[in-house]
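Quick notes on the structure that follows.
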Amino acid sequence: MKYMLLMYGGENCWTDEERKDCMIGCLKICEELAAQGKFIATSPLQPITTAATVRVRDGRTLITDGPFAETTEHLGGYFVLDLADIDEAIEIASRLPPINKGTAEIRPLLSIDGLPPARPFPVGSVDPNGTPYMLICYDDETKWREADSSVLREAMVEAALLARRLSDAGKYLNASPLQSASTAACVRVRDGKRQVTAGPFAETHEVLGGFYLILAESHEAALRVAAQHPGARLGSVEVRPLFDFSELQYSVSIS
Amino acid sequence: MKRLRREMSNVPPSATDIHQLIEETYRSESRRVFASLVRFLRDFDLAEEAMHEAFAAAVERWPREGLPDNPRAWLVSAGRFKALDARRRLSHFNTLQPELAGRLAEIAESNTARVDRAIEDDRLGLVFACCHPAIDLSAQIPLTLREVCGLTTEEIAGAFLTLPATMAQRIVRGKAKVRDAGIPIAIPAADELSERLGSVLTVIYLVFNEGYSATSGEAITRADLSGEAIRLGRLVVELLPEPEAIGLLALMLLQESRRRARSTTDGDIILLEEQDRSAWDTRLIAEGRSLVDQSLKALKFGPYTLQAAIAAVHADAPTAAATDWGRIASLYDALIVLNPSPVVELNRAVAVAMRDGLAAGLNVIDLILGRGDLAEYHLAHAARADLLRRLGRKDEARVAYERALTLAQQEPERRFLMKRLSQL
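If you're matching them up, the sequences are chains A and B in order.
Positions in the first sequence are counted from 1; adding 8 to them yields the working numbering.
Positions in the second sequence are counted from 1; adding 5 to them yields the working numbering.
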């Protein structure tokens with residue numbers, strides 16, 4: 009099963025040196041997972057000062073500065089892994105260095121047909137099509153459940169078509185919807201003791217429902233893509249540039 | 006080819022005998038067959054259906070072919086074939102499931118494995134799945150009762166005084182979570198066992214307490230819940246004899262032994278010191294005590310074992326006055342180290358009062374309350390009131406009883422406190 013591990017934490021609780029060690033620690037675990045065929049993708053995200061959230065209402069695009077949710081702990085990075093079961097996800101999450109100061113939300117991916125094949129984007133890659141961004145889709149699950157199933161289906165087809173267009177333009181890296189937020193679990197490690205709790209990290213009305221990893225030539229271009237996503241009409245899409253950690257590449261060799 | 010045993014080949018068993026055997030097998034094995042099917046199929050609903058189909062197949066085939074050597078293995082195997090069939094049919098209609106093809110191949114492959122291979126008891130793996138910390142606690146308990154104990158949704162709803170629809174929703178969500186989040190139906194690895202066993206034991210004890218807490222009216226269904234908890238406790242001990250699992254079973258048995266003596270027929274509380282000790286169940290006490298000894302010897306015991314040891318000291322005392330309060334107080338000392346909590350301190354204070362004198366106990370309670378702990382906990386004020394009453398400090402006792410009364414929620418507890426107040 010494929011899982012996404014979303015790492016939340018306070019941005020100010022790390023020194024630069026700690027942050028670097030933390031990333032190297034994460035990359036080493038990813039290297040180990042890659043050797044076992046369990047690694048799909050990872051990246052830290054740029055600080056939330058670079059975040060923007062896109063909504064489309066009545067045909068108008070509304071862009072707000074900042075992340076989707078104003079919390080003291082923010083999404084700082086992610087891992088996408090192919091694992092046996094949630095216990096393996098919990099075990100890996102509790103070994104990732106950021107877990108000692110933050111929280112890992114574990115979300116199983118919902119596998120659907122019709123998305124283009126994922127394209128690996130090795131650490132520090134340079135691509136003429138742009139730099140990598142993550143689009144994080146938040147939506148109201150109850151609204152979806154109450155809506156006619158054809159609405160969901162149309163939105164999924166629309167999202168798949170967007171992915172296809174991006175893929176044709178060489179700007180698609182990866183995307184997936186997530187299983188409903190009720191399947192989430194959170195892991196924390198404090199004083200060496202692990203805690204596992206049920207449910208997502210933040211109890212919000214709109215919940216994290218899927219992600220896109222794309223290449224865009226500018227921040228504005230990434231926002232334009234977000235505005236084309238059906239999720240922007242029905243919920244919110246947070247746009248986050250990925251953190252370029254190519255200078256750390258010397259220490260590990262994952263792709 | 007399946008090896009089938011012909012029972013006394015010259016005298017084939019009558020169809021009635023076989024049907025009776027199938028019924029007995031259903032009673033004794035169905036939850037185990039179900040647990041194995043859940044592990045193989047990773048889907049509760051499919052497993053439930055497959056289990057019933059397997060028994061239907063047994064009703065049809067066993068009278069004709071004879072009783073298989075290993076009925077449980079036969080049933081699990083038959084259930085898996087049925088599920089495979091169901092998935093094949095489904096796949097014609099649902100080509101959108103990309104995982105399906107892989108799963109089908111997987112199932113087909115494992116189905117060709119030897120049929121009469123010994124099938125391990127998967128019920129414990131199922132308990133660990135239902136009590137997985139990734140599942141909301143409010144769903145863990147009903148899911149365990151439904152899937153491991155086989156209680157119906159209506160029975161569970163009745164026991165928890167909830168609407169069946171609400172309970173059904175919790176169970177459905179729990180089942181979906183096991184499937185969609187990839188929660189394994191397995192006993193966790195050794196390094197995680199104690200942590201995960203902790204959540205299993207918590208669920209079992211919560212189920213027990215739900216059945217043991219003194220509420221009137223639903224007394225019958227509630228006692229059944231305690232019985233289910235004890236059954237689960239036995240299952241865990243049988244398959245995983247860890248000291249704390251043994252300790253919890255002992256604790257439940259020792260508490261259960263006092264059930265008949267702890268309230269009047271009207272549902273009024275009878276305190277331990279006033280209980281008719283001849284009404285205590287000596288069989289449960291003997292079993293509980295021997296389990297406590299077994300767990301204490303293991304030296305890896307925890308809070309459940311210590312609580313059970315305390316209950317065993319009470320059970321050993323012929324009268325309240327003859328209780329070994331010194332031993333109880335020192336067991337509480339140990340419990341505070343393992344499980345520091347103001348409630349444990351309060352219980353220790355009562356033991357101190359009995360060992361060192363009422364004033365000493367009162368002093369300890371006042372220290373706890375003085376820290377600001379337990380200020381809203383009715384039993385702290387009730388215990389304080391009781392010591393004041395015994396010390397003859399009636400006015401202070403009255404104030405404390407009244408404070409306890411404003412905080413108490415349960416009707417039998419309120420009646421008890423009012424009675425005490427009126428006796429001052």
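Virtual Cβ for every residue (Gly too), placed ideally from N, Cα, C.
So the beta strand (DSSP E) residue i belongs to, where does it begin and stop?
| i | result |
| --- | --- |
| A/Ala60 | Ala60 to Arg65 |
| A/Gly84 | His82 to Asp90 |
| A/Asn182 | Tyr180 to Pro185 |
| A/Phe47 | Phe47 to Pro52 |
| B/Tyr337 | Run containing B/Tyr337: none in the beta strand (DSSP E); it sits in the alpha helix (DSSP H), Trp330 to Leu343. |
| A/Ile144 | Thr139 to Asp147 |
| A/Gly17 | Lys10 to Gly17 |
| A/Thr111 | Thr111 to Pro116 |
| A/Cys194 | Ala193 to Arg198 |
| A/Leu216 | Val215 to Ala224 |
Which term fits residue i, buried or exposed, when burial requires 16 or more other beta carbons within 10 angstroms of its beta carbon?
| i | result |
| --- | --- |
| A/Ala192 | buried |
| A/Thr80 | exposed |
| B/Arg389 | buried |
| A/His213 | exposed |
| A/Cys21 | exposed |
| B/Thr431 | Nothing in the structure corresponds to residue 431 of chain B, since chain B is present only between 6 and 429. |
| B/Ser41 | buried |
| B/Leu131 | buried |
| B/Glu53 | buried |
| B/Arg128 | buried |
| A/Ala155 | exposed |
| B/Thr411 | exposed |
| B/Asp391 | buried |
| B/Gly222 | Here the model assigns B/Gly222 a pLDDT of 43, short of 50, so the residue's position is not dependable and the matter cannot be decided. |
| A/Lys201 | exposed |
Can you tell me the Cβ-Cβ gap for residue i and residue j, rounded? I've got them flagged as a contact below 8 Å.
| i | j | result |
| --- | --- | --- |
| A/Val215 | A/Tyr146 | 6 Å |
| B/Leu367 | B/Ala358 | 7 Å |
| B/Gly272 | B/Pro417 | 5 Å |
| A/Ile266 | A/Leu104 | Given a span of 9 to 263 for chain A in the structure shown, any question on residue 266 of chain A remains unanswerable. |
| B/Gly216 | B/Ala234 | 7 Å |
| B/Tyr309 | B/Leu206 | 7 Å |
| B/Arg394 | B/Ala402 | 4 Å |
| A/Pro249 | A/Thr139 | 7 Å |
Let's see if you can read the secondary structure: which residues bound the alpha helix (DSSP H) around residue i?
| i | result |
| --- | --- |
| A/Val159 | Ser157 to Asp176 |
| A/Val134 | Looking at the DSSP string, A/Val134 is not in any alpha helix (DSSP H), and its letter there is neither H nor E. |
| B/Phe213 | Ala195 to Tyr217 |
| B/Gln260 | Pro248 to Glu261 |
| B/Ala364 | Leu363 to Gly375 |
| B/Cys154 | Run containing B/Cys154: none; DSSP gives neither H nor E here. |
| A/Asp24 | Asp24 to Ala43 |
| B/Lys180 | Pro169 to Asp185 |
| A/Ile94 | Ile94 to Ala101 |
When the distance is taken between beta carbons, is residue j closer than 8 Å to residue i?
| i | j | result |
| --- | --- | --- |
| B/Tyr382 | B/Ala356 | no |
| A/Ala210 | A/Ala77 | yes |
| B/Leu311 | B/Ala339 | yes |
| B/Leu422 | B/Ala385 | no |
| B/Val208 | B/Leu230 | no |
| B/Ala320 | B/Arg294 | yes |
| B/Ala303 | B/Pro248 | yes |
| A/Arg127 | A/Tyr180 | yes |
| B/Pro193 | B/Arg201 | yes |
| A/Met31 | A/Val88 | no |
| A/Gly74 | A/Asp148 | no |
| B/Val348 | B/Ile341 | no |
| A/Leu91 | A/Lys46 | yes |
| B/Trp330 | B/Arg360 | yes |
Who are the neighbours of residue i on chain E, taking C-beta pairs under 8 Å?
| i | result |
| --- | --- |
| B/Arg178 | The chain inventory of the structure shown lacks chain E, comprising the protein chains A and B. |
Counting Cβ pairs closer than 8 Å, one from the stretch 176-186 of chain A and one from the stretch 100-110 of chain A, do we hit at least three? no
Would you call the stretch 65-83 of chain B and the stretch 163-183 of chain B in contact, with 3 or more CB pairs under 8 Å? no
Evaluate contact between the stretch 51-70 of chain A and the stretch 89-102 of chain A, counting only Cβ atoms and requiring at least three cross-stretch pairs below 8 Å. no
Does the stretch 256-271 of chain B touch the stretch 185-202 of chain B, meaning 3 or more C-beta pairs lie closer than 8 Å? no
Taking contact to mean 3 or more Cβ pairs, one atom from each stretch, closer than 8 Å, check whether the stretch 163-180 of chain A and the stretch 231-244 of chain A are in contact. yes
Inter-stretch contact (C-beta, 8 Å, three-pair minimum) for the stretch 202-210 of chain A and the stretch 129-140 of chain A: no
So, does the stretch 412-429 of chain B touch the stretch 278-291 of chain B, judging by three or more C-beta pairs under 8 Å? no
Are the stretch 149-163 of chain B and the stretch 131-141 of chain B touching by the rule of at least three beta carbon pairs closer than 8 Å? yes
Three or more C-beta pairs under 8 Å: does that hold for the stretch 250-257 of chain B against the stretch 170-182 of chain B? no
Say whether the stretch 24-37 of chain B touches the stretch 58-72 of chain B, bearing in mind that this needs 3 or more beta-carbon pairs closer than 8 Å, one atom from each stretch. yes
Decide if the stretch 115-126 of chain A is in contact with the stretch 59-75 of chain A; the criterion is three or more beta carbon pairs, one per stretch, under 8 Å apart. no
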